[in-house]
């Protein structure tokens, strides 16, 4: 499986071959990422919680969800490459912070006290 | 560096220790991801394109951007784990499709004919 | 109660008094609107459908929801003013189109065949 | 021109005629609103600030922008109706608060110190 640096390289080559670096400002990439997150959201908006758990068992909806997730991921990788941010390292740092911030006993069974990951 | 499966495992343990699997429906995770994408967006909304390219040189803004990107990534990894979607494989499939869809000559210098990555 | 043109005038004066017209490009306003829509989303992300129906009965959550909705509305009014779009007229045109597009019998009880309002 | 209560009534009738009240939980409507805000965003993502100011002079892009704004507005009106929130009154309260919060002299020419409307 490709790792994040491989995907970043592919996206870099893709943009260079089309002279699209000019469009890939961090501002524009953050917009594109949010737009794709909105499309992913739309796949779930009328589903009950239970239906959302079963979404991949519908081949058409499953394919759309997989593609929207790929779009979000690709824009995130491209943005991290343009900004020089190490995505895996940043995620790890945030995880360590969350472990400290959300004590397993104090927050047991309650996501409402605070968002789980932020 | 951790790879995606390592992060997914950490998030799985994190949710289990707090009994938060009940909140982590795909619907809710897609909402959380979009909310974090909105926070990332907010970091760039008043910046000129040029200022957005330099955002990491401001330590405070840089830290916020890195953290919001980590949040988006973590929710995306968690969602992919809950849905059983292979994020790296899906991204690779989308990249291959994009190579075919956006001919390097026909789309040279013009992102406006179509969104670069979708 | 103020109508949309009154709110647009208030926002125009507000921006002029602070020399903020320079920041209020349609691109930036669309970003700000989406960012506020993300904050509104975050108020509902961990709620069950039933809890979301009762959100206004919690004074603190109710206040936050009301404020986020106001933010979305204000940016939408400001954007419509900057672009010269008549919001009420556009909404009416869309309603008429939706009446035609979503036949009341064919779409009875099923939002899944198509998004209700789009 | 229709005012907000007229639009709310139209949307109420529209949902009732299709038995769609069941889908119109505040949670789902907030998701739909954010999804439409993402589509609006996508209209601007590759435009320069200057191009975004001229977007309505392109008939096709102008039509799309007007329709996406209508969608955001309609979901916001529907959400406010379901929650019993007075949108115009809430916006007015927020405007008054913003007048106090963003002193015209202290924030002159600088949107970066704080987001203009929040």
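Residue numbers (our numbering), protein chains in the order written: chain A, 10 to 127; chain B, 10 to 127; chain C, 10 to 127; chain D, 10 to 127. In this text, a Cβ means the ideal position worked out from N, Cα and C, and glycines have one as well.
Is the Cβ-Cβ distance between residue i and residue j less than 7 Å?
i, j, result
"residue 53 of chain B", "residue 36 of chain A", "yes"
"residue 17 of chain B", "residue 86 of chain B", "yes"
"residue 19 of chain B", "residue 104 of chain A", "yes"
Classify residue i: buried if its beta carbon has 16 or more other beta carbons within 10 angstroms, exposed otherwise.
i, result
"residue 106 of chain C", "exposed"
"residue 75 of chain D", "buried"
"residue 66 of chain A", "exposed"
"residue 114 of chain B", "exposed"
"residue 25 of chain A", "exposed"
Whole angstroms is fine: what's the gap from residue i's alpha carbon to residue j's?
i, j, result
"residue 125 of chain C", "residue 79 of chain D", "Because residue 125 of chain C sits at a pLDDT of 48, beneath the cut-off of 50, its placement in the model cannot be relied upon, and the point is left open."
"residue 30 of chain D", "residue 94 of chain D", "17 Å"
"residue 118 of chain B", "residue 68 of chain A", "36 Å"
"residue 73 of chain B", "residue 22 of chain A", "28 Å"
"residue 14 of chain C", "residue 110 of chain A", "46 Å"
"residue 101 of chain D", "residue 28 of chain C", "21 Å"
"residue 50 of chain A", "residue 49 of chain B", "16 Å"
"residue 60 of chain B", "residue 42 of chain A", "19 Å"
"residue 116 of chain C", "residue 116 of chain D", "51 Å"
"residue 62 of chain D", "residue 108 of chain A", "45 Å"
"residue 58 of chain C", "residue 112 of chain C", "26 Å"
Return helix, strand or coil for residue i, following the three-state DSSP convention.
i, result
"residue 71 of chain D", "helix"
"residue 99 of chain B", "helix"
"residue 105 of chain A", "helix"
"residue 31 of chain C", "coil"
"residue 94 of chain C", "coil"
"residue 61 of chain A", "helix"
"residue 45 of chain B", "helix"
"residue 12 of chain A", "coil"
"residue 24 of chain D", "helix"
"residue 80 of chain D", "helix"
"residue 38 of chain C", "helix"
Can you tell me which of the options puts its alpha carbon nearest to the alpha carbon of residue i?
i, options, result
"residue 83 of chain A", "B:97, B:27 and B:15", "B:97"
"residue 45 of chain D", "D:111, D:101, D:112 and D:77", "D:77"
"residue 39 of chain D", "C:56, C:12 and C:112", "C:56"
"residue 81 of chain A", "B:58, B:71 and B:47", "B:47"
"residue 88 of chain A", "B:89, B:88, B:41 and B:71", "B:71"
"residue 64 of chain A", "B:99, B:11, B:62 and B:34", "B:34"
"residue 12 of chain C", "D:20, D:108, D:99 and D:62", "D:99"
Name, please, each residue of chain G whose Cβ falls closer than 7 Å to the Cβ of residue i.
i, result
"residue 66 of chain B", "Protein chains A, B, C and D are contained in the structure displayed, whereas chain G is not."
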